[in-house]
Every structure is written in C-alpha cells, then in structure tokens.
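> Residue numbers for the sequence shown follow the numbering used here, so the first one is 45 and each next one is one higher.
Positions of the beta carbon are idealized from the N, C-alpha and C atoms, including for glycine.
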Amino acid sequence: MTRPDREDPRTLGDASAAVHAGNAFDARTGAIKTPLTLANSYEFPYDPTSLSWEETDQLLYTRASGANQLGLQAKLARLEGGEAAIALASGVAATHAIFFTYLNAGDHVVASNHLYEATFNLLAEIFPAKYGITATLVDIADLDAVAAAMRPETKLVFTETLGNPTTSVADLPALAAVAHAHDALLVVDSTFTPPPVLRPLEHGADLVLHSITKYINGHGDGLGGAVIGRTSLIDPLKQLAMMDVGGIIAPFNAWLITRGAVTLPLRMRHINASAQRVAEFLDADPRVAWVRYPGLASHPQRALAARLMPNGCSGMMAFAPHGDTEALNAFVSRLRLITSATSLGHDESLIAHFARTGPRQDLYGPPFTEQGTLRLSIGLEDTDDLIADLDTALG
Ligand SMILES: *Cc1c(COP(=O)(O)O)cnc(C)c1O
Numbered sequence: 045m046t047r048p049d050r051e052d053p054r055t056l057g058d059a060s061a062a063v064h065a066g067n068a069f070d071a072r073t074g075a076i077k078t079p080l081t082l083a084n085s086y087e088f089p090y091d092p093t094s095l096s097w098e099e100t101d102q103l104l105y106t107r108a109s110g111a112n113q114l115g116l117q118a119k120l121a122r123l124e125g126g127e128a129a130i131a132l133a134s135g136v137a138a139t140h141a142i143f144f145t146y147l148n149a150g151d152h153v154v155a156s157n158h159l160y161e162a163t164f165n166l167l168a169e170i171f172p173a174k175y176g177i178t179a180t181l182v183d184i185a186d187l188d189a190v191a192a193a194m195r196p197e198t199k200l201v202f203t204e205t206l207g208n209p210t211t212s213v214a215d216l217p218a219l220a221a222v223a224h225a226h227d228a229l230l231v232v233d234s235t236f237t238p239p240p241v242l243r244p245l246e247h248g249a250d251l252v253l254h255s256i257t258k259y260i261n262g263h264g265d266g267l268g269g270a271v272i273g274r275t276s277l278i279d280p281l282k283q284l285a286m287m288d289v290g291g292i293i294a295p296f297n298a299w300l301i302t303r304g305a306v307t308l309p310l311r312m313r314h315i316n317a318s319a320q321r322v323a324e325f326l327d328a329d330p331r332v333a334w335v336r337y338p339g340l341a342s343h344p345q346r347a348l349a350a351r352l353m354p355n356g357c358s359g360m361m362a363f364a365p366h367g368d369t370e371a372l373n374a375f376v377s378r379l380r381l382i383t384s385a386t387s388l389g390h391d392e393s394l395i396a397h398f399a400r401t402g403p404r405q406d407l408y409g410p411p412f413t414e415q416g417t418l419r420l421s422i423g424l425e426d427t428d429d430l431i432a433d434l435d436t437a438l439g
C-alpha cells in the first residue's frame, strides 16, 4: 500500500503525478514499484460469504480487478482529471464497452463522420444490424448539423478530438452544450490528444476514451484501452464490460502501460514542440502540396485549436508532396528514419499512406482526396533528424 505520508498525487503537477499516481509500495517486500502480479485469484478473507461481488476495486479475481489494473486505472484517472477509470484489453474494447453499456435497442447516436475504422463499423454497421441502434454521422464541425441530428432518443454524442486523418478539431464545449440540452452524454475519443495536451472532461465531456496502445503507453509494445469519467458513469462500465463481458486488460499489459505512462507529460512536451517544427518545415516547403496540423496558422480551425490546446497540438499531422499515389509511395520508400506502419504515439515516428478516394475518404474532401494523404505521427527522435529525413525523401 502507498505510505500515508506520501504526497497526495491529486495535489501534484502533471509530471510528478505521472510518476507517482497509481504506484503502491509492496507491503511484503518493500519494493517501491508495484510488482507485476500474474495470479488470477487473491486470498479470501476469513468470511467470504460477506463479500460483495459487485465491488470492482477489491482484489478477488483478475476479471474484476488485479493489482496492476487498479494502479493503471488510478494513474489514468489522475492524468485525465477524472474521478474514475476503467482499463480494458484494447481501444476498441473500450469503445465497445461504452456503446454496449450506454445504448439499448431503439437508441440513437450522433457521431462525427470522421471516425476510426472500427468505431465506424460498430456504430454505423454492427450495432444497427444487431440491436436496432441507429447512428447519424455528421460533420462534427457543423454545429447546426449536430443540433439538427439530435432526436428524443439520442443518448450519445460521439467524436474524436482530432479527426483521423484530417486533424479537424472538435469544438468540445459547444458539443457538450448540444448534448446536454438533450440529456445525452458527450463521449470523446482523445487518443490523438492525451493529457496534458487536452483534457476533454474540462471542456464538458462526460466520458473520455483512449486507445492507451498509442501515446499513453508510448512505446509501441502493448495494446490497451481506457475510459475515464465520473464514478457514477464508470461503475456501470466495470459491471458490464469487465465483469459480464470480460474484455479486461492483462496484468502484464497494465504493468507495461503504467510504466510507459510515467513519462507521458515529458514525452508530450517534446512531441508538441517537435511536431510544430516539422509541420512548419513542411508548410514552408514548395515540394509539399499541403499540410494540416492544428498548430499551423494555415489550419482552418487554428483559433479553436489554440483554445483547447494552449501548450501545443500533439504529434499528428497530415500532408502530401506533389504527385500521384505512386509519387507518395516513392516518397515514403525514401524515408530512412520515419517508419511506414500504422498506429501512432510510439517512440518512433510513423507514417501511413491513406487511399485518395473510397467511400470514407470521399467525405474528407480536398485536399485529402487530391493526392491521397500521408498521416505522420511524430515520435521522440531529434527534430533535426526528422526534418533531414523528410527533406532527403522530398528529393
Ligand atoms: C487506435 C485507435 C483506436 C483503437 O484502439 P486499439 O487499441 O487499436 O484497439 C480507437 N480510436 C483511435 C482514434 C485510434 O487511433
């Protein structure tokens, strides 16, 4: 257990809290890091008949809570500024948990039309077909369209903080006002903008969702998902998604991601600054056709981005050099440092080439449909090395 005389992580700054929140000294050995506990079961008290099996913070069985899972949840709640958190096996498991818990047959969702692929499949295809739940997908930047899409049976408004791959910025306070006027919850996928870059709960969101596979782990080596919010909203997720559906995070992944999250504020400070410089380099280079990064003056929502992310706009940008699909593939093949692979928020910078057109891509409009899109996730390398790599590959 944490010693009572330790500083309360709630009163600490972000970097200190990322180090200490959720870490407990091991009472038996005195180890100062919460050990990895792989046991599925924990010893019962003398009278197990008095136990409440609805409790998800007592150590009985790892599907309800394990020591590493509890530590990770405490750290995530502190970092996002929420009362409680649930950690699950993947970002998709966390997304499913929210829909499965908070939607019933006949309910309706208003969601951004720029969504992560699996989120789109769940909302637009799987839940409608299986459960008669319907979704209206709208341009989330068009607040009139969002308001017009709301119905009496709308239970959730769902958006990503930054659209993938467009980097369009969701106006969270305005969306919260629309959602709450209809007694709906605002649910925000903040995977692209981890704390302390942006904290959706401070801007009116009810639940924040993360693929902790990405920035929060930060090292590209473990899958996980999390939801953070008020205890009254997280507890039902724990009952349904953990106890009854069982999509829990494995103790090893919880341990790994807890360790990764220790450096999150430090990493984001570097990534914010590095991404800004890389975006400015691309923006100024005539060999580049277009760039979208919320920290650039050329971004159509720069003012909103500055309000939501005053200390830097995270590490995700989209751009394309001049030329066709083949020119973009050739450009990527000339990169020597930046890795061509999916995912984001890793220690290494990653680039992904998305198709120019297709049923989803056509929604993005120009410039995304002109050349195709390269999505760049800035990692922890030296900024000068990244710029040199891009410069050489531009030829
Ligand atoms: C990766 C990602 C997810 C899904 O997370 P997994 O951990 O891969 O299941 C959801 N939303 C966004 C924005 C993502 O980038």
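Quick one: any contact between the segment 355-369 and the segment 298-310, if contact means 3 or more CB pairs under 8 Å?
Contact fails: fewer than three Cβ-Cβ distances are below 8 Å.
> What runs of the beta strand (DSSP E), each 3 residues or longer, lie entirely inside the segment 350-420?
Entirely contained in the segment 350-420, the beta strand (DSSP E) runs reaching 3 residues are, in chain order, 360-365, 394-398.
> As an exercise, report each continuous beta strand (DSSP E) stretch of at least 3 residues that is fully enclosed by the segment 251-293, in chain order.
Listed in chain order, the complete beta strand (DSSP E) runs (minimum 3 residues) inside the segment 251-293 are 251-255, 269-273.
> Is there at least one non-hydrogen atom of ligand 1 closer than 6 Å to the beta-carbon of Asp265?
Counting from 1 along the sequence shown, the entry for residue 265 is found at position 221. Because no heavy atom of ligand 1 lies under 6 Å away, the Cβ of Asp265 does not count as near it: no.
> Per the DSSP calculation, His152 is bridged to which residue(s)?
As a working note, residue 152 is residue 108 in the sequence shown. Paired residue(s): Thr178, Thr198.
> Would you kindly report the start and end of the unbroken alpha helix (DSSP H) that includes Asp233?
Locating residue 233 in the sequence shown gives position 189, counting from the first residue. That residue, Asp233, is in no alpha helix (DSSP H); its beta strand (DSSP E) goes 229-233.
> List the DSSP bridge partners of Trp334.
Position 290 of the sequence shown, counted from the start, is the residue given in the question as residue 334. Answer is Ala364.
> For my contact list, Val190 and Val154 are in at a C-beta cut-off of 8 Å; report their separation, rounded to the angstrom.
If you number the sequence shown from 1, residue 190 lands on position 146. If you number the sequence shown from 1, residue 154 lands on position 110. With a Cβ gap of about 6 Å, Val190 and Val154 count as contacting.
> Are three or more beta carbon pairs between the segment 267-280 and the segment 124-143 nearer than 8 Å?
Touching, yes.
> Hey, quick one: how far does the beta strand (DSSP E) through Leu130 stretch, first residue to last?
The residue you call residue 130 lines up with position 86 of the sequence shown. The sequence shown places Ile at residue 130, not Leu. Residues 128-132.
> Use the C-beta contact count for Asp91: other C-beta atoms within 10 angstroms, 16 or more gives buried, fewer gives exposed.
Taking the sequence shown and counting its residues from 1, the one referred to as residue 91 is at position 47. That one is exposed.
> Indicate whether Ala232 and Ala249 have their beta-carbon atoms separated by less than 7 Å.
As a working note, residue 232 is residue 188 in the sequence shown. As a working note, residue 249 is residue 205 in the sequence shown. The sequence given here places Val at residue 232; Ala does not occur at that position. Yes, the Cβ-Cβ distance between Val232 and Ala249 is below 7 Å.
> Taking His64 as the reference, which of Arg54, Thr73, Ala71 has the closest Cα?
Your numbering for residue 64 matches position 20 in the sequence shown. Checked all of Arg54, Thr73, Ala71; the closest Cα to His64 is Arg54.
> With distances taken from CA atoms, which of Ser60, His152, Tyr337 is nearest Asn316?
Working through the sequence shown from its first residue, we reach residue 316 at position 272. Comparing Cα positions, the closest option is Tyr337.
> Report the option in Thr198, Asn84, Val332, Thr427 whose CA atom is closest to the CA atom of Arg321.
The residue given as residue 321 occupies position 277 in the sequence shown. Nearest option by C-alpha distance: Thr427.
> Distance, Cα to Cα, Met80 vs Gly207?
Indexing the sequence shown from 1 puts residue 80 at position 36. Indexing the sequence shown from 1 puts residue 207 at position 163. According to the sequence as given, residue 80 is Leu; it is not Met. Going from the Cα of Leu80 to the Cα of Gly207 covers about 36 Å.
> If the criterion is Cβ atoms closer than 7 Å, does the pair Asp329 and Leu340 meet it?
Along the sequence shown, one-based indexing puts residue 329 at 285. Along the sequence shown, one-based indexing puts residue 340 at 296. No.
> Assuming Leu123 contacts Ala305 (C-beta within less than 8 Å), just tell me the rounded distance between them.
In the sequence shown, the residue the question calls residue 123 occupies position 79. In the sequence shown, the residue the question calls residue 305 occupies position 261. That pair is a contact at about 7 Å.
> Could you pull the DSSP bridge partners for Tyr105 from this structure?
Counted from its first residue, the sequence shown places residue 105 at position 61. Answer is Ser85.
> Would you say the beta carbon of Thr198 is closer than 6 Å to some non-hydrogen atom of ligand 1?
Along the sequence shown, one-based indexing puts residue 198 at 154. Thr198 Cβ: outside cutoff for every heavy atom of ligand 1.
> For Leu445, which residues of its own chain have a beta-carbon under 6 Å away from its beta-carbon, when the five flanking residues on both sides are left out?
With the chain covering only 45 through 439, there is no way to say anything about residue 445.
> Classify Val213 as helix, strand or coil using the three-state DSSP reduction.
Position 169 of the sequence shown, counted from the start, is the residue given in the question as residue 213. Reduced to three states, the DSSP call for Val213 is strand.
> Once you ignore the five residues that flank Asn157 on each side, which residues in its own chain have a CB closer than 8 Å to its CB?
In the sequence shown, the residue the question calls residue 157 occupies position 113. Closer than 8 Å at the Cβ level, and outside the excluded window around Asn157, lie Leu181, Val182, Asp183, Ile184, Leu407.
> Note the first and the last residue of the continuous alpha helix (DSSP H) segment covering Gly115.
Counted from its first residue, the sequence shown places residue 115 at position 71. Counting along the chain, the alpha helix (DSSP H) containing Gly115 begins and ends at 111-124.
> List the endpoints of the continuous alpha helix (DSSP H) containing Arg311.
For this step, residue 311 is matched to residue 267 along the sequence shown. From DSSP, the alpha helix (DSSP H) with Arg311 extends over 308-328.
> Pull up the CB-CB distance for Phe296 and Val332, whole angstroms please, since I reckon it's below 8 Å.
Numbered from its first residue, the sequence shown carries residue 296 at position 252. Numbered from its first residue, the sequence shown carries residue 332 at position 288. Not a contact, Cβ separation roughly 42 Å.
> Let me check understanding here. Comparing Cα to Cα, which of Thr163, Ala173, Asn165 lies closest to Ala149?
Position 105 of the sequence shown, counted from the first residue, corresponds to residue 149. That would be Ala173, whose Cα lies nearest to the Cα of Ala149.
> Of the choices Lys282, Ala298, Gly423, whose alpha-carbon is the least far from that of His314?
Sequence index remark: in the sequence shown, residue 314 carries index 270 (1-based). Nearest option by C-alpha distance: Gly423.
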